[in-house]
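Residues 112 to 594, numbered by our numbering, are exactly what the sequence shown covers, in order.
Working notes, beginning with the structure itself.
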Amino acid sequence: MSVGLLLDKLKEMALIHVWDWENFSKRPLWARLLIPVALALLISWMIIGPLDFFGSYAPFLPYFGIIFFSACYGGSRSALVASLASAICAVCFIYPRHTANGAGAFGLLIAFFLAEALLITALFAVIELIQERYKVDQEKYKGIIEKNAEGFLMTDESGTINYVCSSVTKILGYGETELLGTPLQSLIHPDELKSFNVQFLKVLAKGSHSMAFLQRLSTKQGEWKWIEGCVNNMLKDTNIKRIVFNYRNVTERINQTKQQEDFVHMAAHELKTPITAMRGYLQLMQMNHYKEHRDADSSMLSRMHRQTDRLLNLIDEMLNVTRIRAGELQYHFGNFDMQECIQDVVDALQATTNKHKLILHMGRLPIIYGDRDRIGQVLTNLISNAIKYAPAEPEIVITALTDGDWLKVKVKDHGIGIPKEQQKKIFERFYRSESLPKNTYQGLGLGLYIAMDIIKTHGGKIGVESEVGAGSEFWFSLPLKAS
């Protein structure tokens, strides 16, 4: 152990066992007043008798020792009594021995001693006042933490719990001391333990770093509760030296969200069945009308067919969102020709619009490893959005190229554009731009959310560059190393 650590340890022990303002008030007043007087009399006798040689050269040093001891035993009051008692004993018992030789000088020394003793006593009184205020502030902040509805605990770098606040009882049902010494990992749901350990290691590795988390924790009754919060690495903070967790119970919110998603999933499934049947009947009607040369009805049937297609697409988006949230969106990975995939999507969408011209800039692209249909779904969504939000601008430019270890695809339009403050939000679930005219552009705000999840699953990136009134350029990139 280094000298610095040893000194820190001694200071810590001194604060705990020697100088404790709360312990002063617990000791009886008579002891705090009489013990300094008794010690002053004892030291005076020892100076006159056994320590006569020592008392001749440094008579006041033992008295300073009494003042320090009295301050540690009974606080500033005891130090004041010890100072006065020591000065009186020096005058009554030691001063007479110096009447023949240097009495005046010794009397002056007694006066200086009393002044120094009173200054030391004042210093102890200031320390006592500071400690009292510190205790008040400590109790105030502790009360705020303890009575907070949110949970609060601390662990060491291994994850062992060494502090919990009282609100943990309300959230998890454990007493304040029941979890002390318990690994936090033992409370985590087995399905989420691996991801928690990865997050915990990241927090440890990054030093002073905080990270949000959402986990299921076990209660004392054996139930699982969803806990959301933040973990902060404060190991380098000399006053804390802990990993700090603050959290709140969000079980009700998670359950409500799950119920809503289950309802959407069920409703989408129930809607899809009759709509699929309607679509089949419409196809049959179109075939019959074509055979009977009833051209007047074909336009109406085509419109009905497009509306059922649109409704099916909306239902598929709703289903995909619920699958994403549940981690059940299926992928079929394999090697595929990205160039062919892009060409097929562009040709298919060009056939659906007469107002827009899709311009494709694409060189020879490498074979990509991924889900061809899902990547095609992303590109379809980006081009469809460009067609939707740039109705007056005929040209939409699709660019595909390789950039180092990445393959990048860009879709640029010259439409209404997106404000800077909304560009990060457009990939959120159900988000609709606030700058859009109401009831002008249809959709649920799910397409970009689904596209982002698909690209992330492929290890890629997705983003947008846009300016209001100057159009938007959506892009995504896929890693070539995966191929």
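Just so it is clear, CB atoms sit at the ideal spot from N, CA and C, and this is done for glycine as well.
Predicted model only: the values in this text are computed from it and were never measured.
Where E532 sits in the DSSP three-state scheme: Taking the sequence shown and counting its residues from 1, the one referred to as residue 532 is at position 421. It is helical.
Straight-line gap, S187 to I146 (C-alpha atoms, nearest Å): Within the sequence shown, the letter at position 76 stands for residue 187. Within the sequence shown, the letter at position 35 stands for residue 146. Near 14 Å, if we compare the C-alpha coordinates of I146 and S187.
Closest Cα partner of V508 within the set L490, H443, G515: The sequence position of residue 508 within the sequence shown is 397, counting from 1. Answer by Cα proximity: L490.
Other residues of its chain near I453: CB distance less than 8 Å, five sequence neighbours each side excluded: Stepping through the sequence shown from its first residue, residue 453 is reached at position 342. Closer than 8 Å at the Cβ level, and outside the excluded window around I453, lie L471, M473, L476, L490, I509, A511, V520.
CB-CB length for L325 against E339, believed under 8 Å: For the purposes of this step, residue 325 is identified with residue 214 of the sequence shown, where counting begins at 1. For the purposes of this step, residue 339 is identified with residue 228 of the sequence shown, where counting begins at 1. Indeed, because the Cβ distance is near 5 Å, the residues count as touching under 8 Å.
Option in I478, I566, F223 with minimal Cα separation from S588: As a position in the sequence shown, residue 588 is number 477, starting the count at 1. Residue I566 holds the alpha-carbon nearest to the alpha-carbon of S588 among I478, I566, F223.
Residues that DSSP places opposite P590 in a beta bridge: For the purposes of this step, residue 590 is taken as the residue at position 479 of the sequence shown. According to the DSSP secondary-structure assignment, P590 is paired through a beta bridge with W517.
Whole-number beta carbon distance between L229 and S194, since they are thought to touch under 8 Å: As a position in the sequence shown, residue 194 is number 83, starting the count at 1. As a position in the sequence shown, residue 229 is number 118, starting the count at 1. Indeed, because the Cβ distance is near 6 Å, the residues count as touching under 8 Å.
Nearest-angstrom Cα separation, counted from C200 out to E227: Mapped onto the sequence shown, residue 227 falls at position 116. Mapped onto the sequence shown, residue 200 falls at position 89. Going by the C-alpha atoms only, they are around 16 Å apart.
Three-way DSSP call (helix, strand, coil) for S109 in this model: Nothing can be reported for residue 109: it is not among the residues displayed for the chain, which extend from 112 to 594.
Whether Y217 touches F171 by CB criterion (7 Å): Residue numbering aside, residue 217 sits at position 106 when the sequence shown is read from its first letter. Residue numbering aside, residue 171 sits at position 60 when the sequence shown is read from its first letter. Correcting the residue type first, residue 217 is Phe in the shown sequence and not Tyr. Cβ distance not < 7 Å, so F217 and F171 don't count as in contact.
Backbone CA spacing between A196 and V148 [nearest angstrom]: Translated into positions along the sequence shown, residue 196 becomes position 85. Translated into positions along the sequence shown, residue 148 becomes position 37. Cα to Cα, the separation comes out at about 6 Å.
Q441 versus P173, A233, T568, W156, residue with shortest Cα-Cα distance: Mapped onto the sequence shown, residue 441 falls at position 330. Among P173, A233, T568, W156, the Cα nearest to that of Q441 belongs to T568.
Range of the contiguous beta strand (DSSP E) that encloses C341: For the purposes of this step, residue 341 is taken as residue 230 along the sequence shown, with counting starting at 1. 335-345 is the span of the beta strand (DSSP E), which, as asked, contains C341.
Simplified DSSP state of N492, which is helix, strand or coil: Taking the sequence shown and counting its residues from 1, one reaches residue 492 at position 381. Residue state, collapsed to three classes: helix.
Proximity below 7 Å, CB of I527 to CB of S577: Here residue 527 refers to the residue found at position 416 when the sequence shown is read from its first residue. Here residue 577 refers to the residue found at position 466 when the sequence shown is read from its first residue. No, the pair does not count as a contact, with Cβ atoms beyond the cut-off.
Whole-angstrom distance between R483 and I494, CA atom to CA atom: As a first step, residue 494 must be located in the sequence shown, where it is residue number 383. As a first step, residue 483 must be located in the sequence shown, where it is residue number 372. If I take the Cα positions, the gap works out to 16 Å.
Spatial neighbours of A323 in its chain, beta-carbon cut-off 6 Å, leaving aside the 5 residues before and after: By 1-based counting over the sequence shown, the position of residue 323 is 212. Answer for A323: C341, listed in chain order.
For F444 and A501, the rounded distance between their alpha carbons: For the purposes of this step, residue 501 is taken as residue 390 along the sequence shown, with counting starting at 1. For the purposes of this step, residue 444 is taken as residue 333 along the sequence shown, with counting starting at 1. Those two C-alpha atoms are separated by around 33 Å.
Where the alpha helix (DSSP H) through T568 begins and ends: As a working note, residue 568 is residue 457 in the sequence shown. Per DSSP, T568 belongs to the alpha helix (DSSP H) from 558-568.
Beta bridge counterpart(s) of K468 as assigned by DSSP: Here the question's residue 468 lines up with position 357 in the sequence shown. Its beta-bridge partners are E506.
Residues near E451 by beta carbon distance below 7 Å, same chain, minus five either side: Translated into the one-based positions of the sequence shown, residue 451 becomes position 340. If we look at E451 and ignore the five residues flanking it on each side, it has no Cβ neighbours.
Helix, strand or coil at G574 according to DSSP, with G and I counted as helix: Along the sequence shown, read from residue 1 onward, the residue named residue 574 stands at position 463. If DSSP states are grouped into helix, strand and coil, G574 belongs with the strands.
C-beta atoms of I272 and L283 nearer than 7 Å: Residue mapping note: residue 272 aligns to position 161 of the sequence shown, counting from 1. Residue mapping note: residue 283 aligns to position 172 of the sequence shown, counting from 1. No. Outside cutoff.
Cβ separation of L304 and Q296, assumed to be a contact under 8 Å, to the nearest whole Å: Your numbering for residue 304 matches position 193 in the sequence shown. Your numbering for residue 296 matches position 185 in the sequence shown. In this structure L304 touches Q296 by the C-beta definition: roughly 6 Å separates them, less than 8 Å.
Secondary structure of G286, DSSP reduced to three states: Position 175 of the sequence shown, counted from the start, is the residue given in the question as residue 286. If DSSP states are grouped into helix, strand and coil, G286 belongs with coil.
Alpha-carbon spacing of D458 relative to A497, whole angstroms: One-based indexing of the sequence shown puts residue 458 at position 347. One-based indexing of the sequence shown puts residue 497 at position 386. So the alpha carbons of these two residues sit roughly 15 Å apart.
C-alpha gap between K549 and L518, whole angstroms: Along the sequence shown, read from residue 1 onward, the residue named residue 549 stands at position 438. Along the sequence shown, read from residue 1 onward, the residue named residue 518 stands at position 407. Residue confidence is low: K549 scores 48 on pLDDT, short of 50, so the model does not pin down where it sits. Its coordinate-derived value is still stated next. One C-alpha to the other measures close to 37 Å.
Close beta carbons around K352, own chain, < 8 Å, minus the five adjacent residues each side: The sequence position of residue 352 within the sequence shown is 241, counting from 1. Result list for K352: M345, L346, in chain order.
Residues sharing a beta bridge with K523, DSSP: In the sequence shown, the residue the question calls residue 523 occupies position 412. V508, E584, per the DSSP bridge assignment.
Helix, strand or coil at N308 [DSSP, three-state]: For the purposes of this step, residue 308 is taken as residue 197 along the sequence shown, with counting starting at 1. Note: N308 maps to helix in three-state DSSP.
Environment of W141 [buried if 16+ CB atoms lie within 10 Å]: To locate residue 141, count along the sequence shown from 1; it is residue 30. With fewer than 16 other Cβ atoms within 10 Å, it is exposed.
Unbroken alpha helix (DSSP H) run spanning Y174, endpoints: Position 63 of the sequence shown holds residue 174. 172-185 is the span of the alpha helix (DSSP H), which, as asked, contains Y174.
Within 7 Å, strictly: CB atoms of P590 and G570: Translated into positions along the sequence shown, residue 590 becomes position 479. Translated into positions along the sequence shown, residue 570 becomes position 459. Cβ atoms of P590 and G570: closer than 7 Å.
Pairwise C-alpha distance: E287 and V279: Stepping through the sequence shown from its first residue, residue 279 is reached at position 168. Stepping through the sequence shown from its first residue, residue 287 is reached at position 176. Between V279 and E287, the C-alpha separation is close to 7 Å.
Within 7 Å, strictly: CB atoms of W337 and V361: Start at 1 with the first residue of the sequence shown, and residue 337 comes out as number 226. Start at 1 with the first residue of the sequence shown, and residue 361 comes out as number 250. Yes.
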